[in-house]
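Enquirer:
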């Protein structure tokens, strides 16, 4: 995927167990100052569309440098298309559709509209869901975790110290995670954990790791003194 020109980058995703049902959102904000902050939350009775929207609202509220170009990436056509083409029209029409009906999730759309007034420039971009894009995959995990009532550890700190991605490039990688095992000087790739586990379980000196990015792959091979 092409790297963004924006200074602030946001990934966001939403999930619900039933529509409506318990829901959660996940978002990642990559500040232009080199800081990465994750957000997550839940609502007991909601929809996936509402959670997609809430994730964007929460992350945009947290942007400090609102005079800097900001880009939002989501797999929700509902969020991206309406933010790009319908939001201003809804505001002019008193938050009614062209058919004269109140828009869904009006409160959240109004919140987004007010937040965007403070920004110099915000772009909304659609990405394919569940296609291996790390930023999207991480947000999906956070959103589903909160929807399911799980405790998800959220990261906030320097971007290079994030456990899943060391550079902003990593977040935009279309990378299919896999497992590496290293035993008796032989390095193998595994597509599933059971396959990897079968090779390393109870084996003295065995090494194994789930690989989520190309930079993590390179670091692991270097640390193990191994190569393909």
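In my numbering, the protein residues as written are 30 to 257. The C-beta atom is built at its ideal place from N, Cα and C for all residues, glycine as well.
1) Count the other CB atoms within 10 Å of the CB of residue 257; is the residue buried (16 or more) or exposed (fewer)?
2) Quick one: is residue 126 buried, meaning 16 or more other Cβ sit within 10 Å of its Cβ, or exposed?
3) Near residue 184, what residues of its chain come up, given a Cβ to Cβ distance below 6 Å and the 5 sequence neighbours on each side ignored?
4) Give the single residue among 61, 167, 228 whose Cα lies nearest to the Cα of residue 220.
5) Give the DSSP-derived three-state secondary structure of residue 66 in the structure shown.
6) As an exercise, report each continuous beta strand (DSSP E) stretch of at least 3 residues that is fully enclosed by the stretch 154-217, in chain order.
7) Between the C-alpha atoms of residue 198 and residue 128, what's the straight-line distance to the nearest angstrom?
8) In the structure shown, what three-state DSSP assignment does residue 142 receive?
9) With 7 Å as the threshold, decide whether the Cβ of residue 111 is near any Cβ in chain C.
10) For residue 23, which residues in the same chain have their Cβ closer than 7 Å to its Cβ, ignoring the five residues on either side in sequence?
11) Report the rounded CA-to-CA distance for residue 170 versus residue 124, giving the unit in angstroms.
12) List the endpoints of the continuous alpha helix (DSSP H) containing residue 109.
13) From 51, 38, 143, 133, pick the residue whose C-alpha is nearest to that of residue 71; which is it?
14) In the DSSP assignment, find the unbroken alpha helix (DSSP H) run with residue 258 in it and report its ends.
15) Pull the bridge partners of residue 20 from the DSSP assignment, please.
16) If I follow the unbroken beta strand (DSSP E) through residue 92, where does it start and stop?
17) Any heavy atom of the ligand SAM closer than 6 Å to the beta-carbon of residue 240?
18) For the putative contact between residue 84 and residue 56, defined by C-beta atoms under 8 Å, what is the C-beta separation to the nearest angstrom?
19) Exposed or buried, what is residue 34 when buried is set at 16 or more other beta-carbons lying within 10 Å of its beta-carbon?
20) Please name the residue in 214, 48, 97 whose C-alpha comes closest to that of residue 151.
21) Mark residue 76 as exposed unless 16 or more other C-beta atoms lie within 10 angstroms of its C-beta, in which case mark it buried.
22) Does DSSP classify residue 123 as helix, strand or coil?
23) Do you know how far the Cα of residue 224 is from the Cα of residue 139?
Expert: So, from the listed chains and residues:
1) Indexing the chain shown from 1 puts residue 257 at position 228. Per the 10 Å Cβ criterion, exposed.
2) Numbered from 1 along the chain shown, position 97 holds the residue referred to as residue 126. It counts as exposed.
3) Taking the first residue of the chain shown as 1, we reach residue 184 at position 155. Taken in chain order, the residues that qualify are 67, 191.
4) The residue given as residue 220 occupies position 191 in the chain shown. For the residues 61, 167, 228, the minimum Cα distance to residue 220 belongs to 228.
5) Residue 66 sits at position 37 when you count from the first residue of the chain shown. Strand.
6) 185-187, 207-212
7) Your numbering for residue 198 matches position 169 in the chain shown. Your numbering for residue 128 matches position 99 in the chain shown. Counting only the Cα atoms, residue 128 lies some 43 Å from residue 198.
8) For this step, residue 142 is matched to residue 113 along the chain shown. Looking at residue 142 - three-state DSSP - the assignment turns out to be helix.
9) Absent here is chain C; the protein component of the structure consists of one chain.
10) Any answer about residue 23 is impossible in this case: the structure gives the chain only from 30 up to 257.
11) Counted from its first residue, the chain shown places residue 170 at position 141. Counted from its first residue, the chain shown places residue 124 at position 95. C-alpha separation (whole angstroms): 32 Å.
12) Locating residue 109 in the chain shown gives position 80, counting from the first residue. First-last of the alpha helix (DSSP H) with residue 109: 106-114.
13) The residue labelled residue 71 in the question sits at position 42 within the chain shown. Ranked by Cα distance from residue 71, the options 51, 38, 143, 133 are led by 51.
14) Residue 258 cannot be examined here, being either before or after the span of the chain that is shown, 30 to 257.
15) It is not possible to answer for residue 20, since the shown part of the chain is limited to 30 through 257.
16) Indexing the chain shown from 1 puts residue 92 at position 63. No beta strand (DSSP E) contains residue 92, which DSSP labels as neither H nor E.
17) With respect to the ligand SAM, the structure shown offers nothing to examine, as it has no ligands at all.
18) Here residue 84 corresponds to residue number 55 of the chain shown, with the count starting at 1. Here residue 56 corresponds to residue number 27 of the chain shown, with the count starting at 1. Rounded, the Cβ-Cβ distance is 4 Å, consistent with contact.
19) One-based indexing of the chain shown puts residue 34 at position 5. It counts as exposed.
20) Within the chain shown, residue 151 is the residue found at index 122, counting from 1. Of the listed residues, the one whose Cα sits closest to residue 151 is 97.
21) The residue you call residue 76 lines up with position 47 of the chain shown. By the neighbour-count rule (16 or more Cβ atoms within 10 Å), residue 76 is buried.
22) On the chain shown, position 94 is the one that residue 123 refers to. The answer is coil: DSSP assigns residue 123 none of H, G, I, E or B.
23) In the chain shown, residue 139 corresponds to position 110, counting from 1. In the chain shown, residue 224 corresponds to position 195, counting from 1. For the pair residue 139 and residue 224, the Cα-to-Cα distance works out to about 49 Å.
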